[in-house]
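Protein chains: 2
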Amino acid sequence: MGSLSDLIEQYLRDLLTKTGSIEVQRRQLAQMFRCAPSQINYVLETRFTMEHGYLIDSRRGGGGFIRITRVNWVPAPSTLEALLEMIGEAISNEGMSILLERLVQESILELKEAILLKQLIQQELENFEGTEEVKDRLRASYLRMVLIFLCGRGG
Amino acid sequence: MGSLSDLIEQYLRDLLTKTGSIEVQRRQLAQMFRCAPSQINYVLETRFTMEHGYLIDSRRGGGGFIRITRVNWVPAPSTLEALLEMIGEAISNEGMSILLERLVQESILELKEAILLKQLIQQELENFEGTEEVKDRLRASYLRMVLIFLCGRGG
DNA sequence: CCTGATTTGACCAAATTTGACCAATAAATG
DNA sequence: CATTTATTGGTCAAATTTGGTCAAATCAGG
Chain A
11 MGSLSDLIEQ YLRDLLTKTG SIEVQRRQLA QMFRCAPSQI NYVLETRFTM EHGYLIDSRR
71 GGGGFIRITR VNWVPAPSTL EALLEMIGEA ISNEGMSILL ERLVQESILE LKEAILLKQL
131 IQQELENFEG TEEVKDRLRA SYLRMVLIFL CGRGG
Chain B
11 MGSLSDLIEQ YLRDLLTKTG SIEVQRRQLA QMFRCAPSQI NYVLETRFTM EHGYLIDSRR
71 GGGGFIRITR VNWVPAPSTL EALLEMIGEA ISNEGMSILL ERLVQESILE LKEAILLKQL
131 IQQELENFEG TEEVKDRLRA SYLRMVLIFL CGRGG
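Same order as they appear, the protein sequences are chains A and B.
Okay, so the first sequence: first residue is 11 according to our numbering, each after it adds one.
Okay, so the second sequence: first residue is 11 according to our numbering, each after it adds one.
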């Protein structure tokens, strides 16, 4: 976790775990971390998207703010349906990375497992000929298969 | 023995014995050993592959890093190789059943897990259009992916 | 000398950081 | 109420900072 963006991400994440929804000021945050205000936007765009499970909402002018809301995500064993929904019919490689990261944060997977899984799926897909669209569907299929299996065996 | 690559390998190995997972910077490492950055990649590609029991994972840009994670394969690597051999490039549905039964007998899988796995793979394959030959290769791919994953996560 | 392993370097790709310019909203002013 | 000014946040592209790839050059053992 070396970059400034990582630090800002961590700061926001900490606030969010306590409250579920926060309002921050871009200017103030930028001052606090001694960076350009637009870097705050960069952090939000790369780490707090809908795929990551967050909603962004803001207002300009005096008393302006940026609100980050954690979208409902229940990490219970009964998340099988939520999991399937997140995977969907097809998923990009980046989408898979984000999903796996999220599962790590929710303690559903260990980091080591997520890395291994990602690598194995990428490896299998590399050996497959086909359009990106087909690969995206295959990727979703692999994820469904292995994640449901892990849920089904209770671990 | 005694090449620079061997030295770098030893350095990384030492770090890994302590922690099981490390993050290094390619640039810094290259400076430390006074070599071209790409030599770091060479060391990783020739000495820290998955077969060697390591996972490589990296990020570019500011604060970038290379992460090396150690994997403890639960059946010995030799057993794993045999497993891959049994799966092969392609495998029929019957072949899969036989293989899974065998893994149960060898206590690598529990019966419950084998049944679930079989069902899930069959289910995913049903949703795919293609020749039997393609399905056989896909089946092998699913099996490879999930079985290696299970071996790598430690049980 | 040949062959495979190693070393080096030129060129590529991705993630981050910064800054100039734009847009919206609130507060102050006439 | 209308206009102006101050205060925020938004966008986008260039500069910077990493790591990746690939092939030529070099080295070491047979």
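Note that beta-carbon positions come from the ideal geometry of N, C-alpha and C, so glycine has one too.
Query raised in the report: Could you check where the beta strand (DSSP E) with R80(A) kicks off and where it finishes?
Result: Run containing R80(A): 75 to 80, per the beta strand (DSSP E) assignment.
Query raised in the report: According to the neighbour-count rule (16 or more other Cβ atoms, all chains shown, within 10 Å of its Cβ), is S15(A) buried or exposed?
Result: Around the beta-carbon of S15(A), 16 or more other beta-carbon atoms lie within 10 Å, marking it buried.
Query - Exposed unless 16 or more other CB atoms sit within 10 angstroms - verdict on F138(B) - result: exposed
Report task. Can you grab the Cα-Cα spacing for the pair E99(B) / I78(A), in whole Å? Result -> 48 angstroms
Query raised in the report: Do we get a CB-CB distance below 8 angstroms when we pair F159(A) with the residues of chain B?
Result: yes
Query raised in the report: How long is the line joining the alpha carbons of I118(B) and G140(A), rounded to whole angstroms?
Result: 33 angstroms
Query raised in the report: Helix, strand or coil: which one does DSSP assign to S68(A)?
Result: strand
Requested in this report: Please confirm whether E19(B) and R57(B) have their CB atoms less than 8 angstroms apart.
Outcome: yes
Query raised in the report: Helix, strand or coil: which one does DSSP assign to E33(B)?
Result: strand
Query raised in the report: Shorter than 8 angstroms from the beta carbon of R154(A) to some beta carbon of chain B?
Result: yes
Requested in this report: Can you pull the chain A residues whose beta carbon is under 8 angstroms from the beta carbon of R163(B), in chain order?
Outcome: E120, K122, E123, L126
Requested in this report: Could you check if M155(B) is buried or exposed, using at least 16 other CB atoms within 10 Å of its CB as the buried criterion?
Outcome: buried
Report task. Pull out every residue of the stretch 81 to 110 of chain A whose Cβ sits closer than 8 angstroms to any Cβ of chain B, in chain order. Result -> Within the stretch 81 to 110 of chain A, not one residue has a Cβ closer than 8 angstroms to any Cβ of chain B.
Query raised in the report: What does S117(A) reach in chain B if we use C-beta pairs closer than 8 angstroms?
Result: Simply none; closest approach about 15 angstroms.
Report task. Assign C45(A) to one of three DSSP states: helix, strand, or coil. Result -> The DSSP-derived three-state label of C45(A) is coil.
Query raised in the report: Does any C-beta atom of chain B lie closer than 8 angstroms to the C-beta of I131(A)?
Result: yes
Report task. Leaving aside the five residues before and after M161(B) along the sequence, list all residues of the same chain whose C-beta is less than 7 angstroms from its C-beta, in chain order. Result -> It is Cys, not Met, that sits at residue 161(B) in the sequence shown. If the five residues before and after C161(B) are omitted, its C-beta is found closer than 7 angstroms to the C-beta atoms of W83, V84, P85, L90, all from its own chain and listed in chain order.
Query - Contacting residues, own chain, Cβ-Cβ under 8 angstroms from A150(B) (five flanking each side not counted) - result: I97, G98, E99, A100, I101
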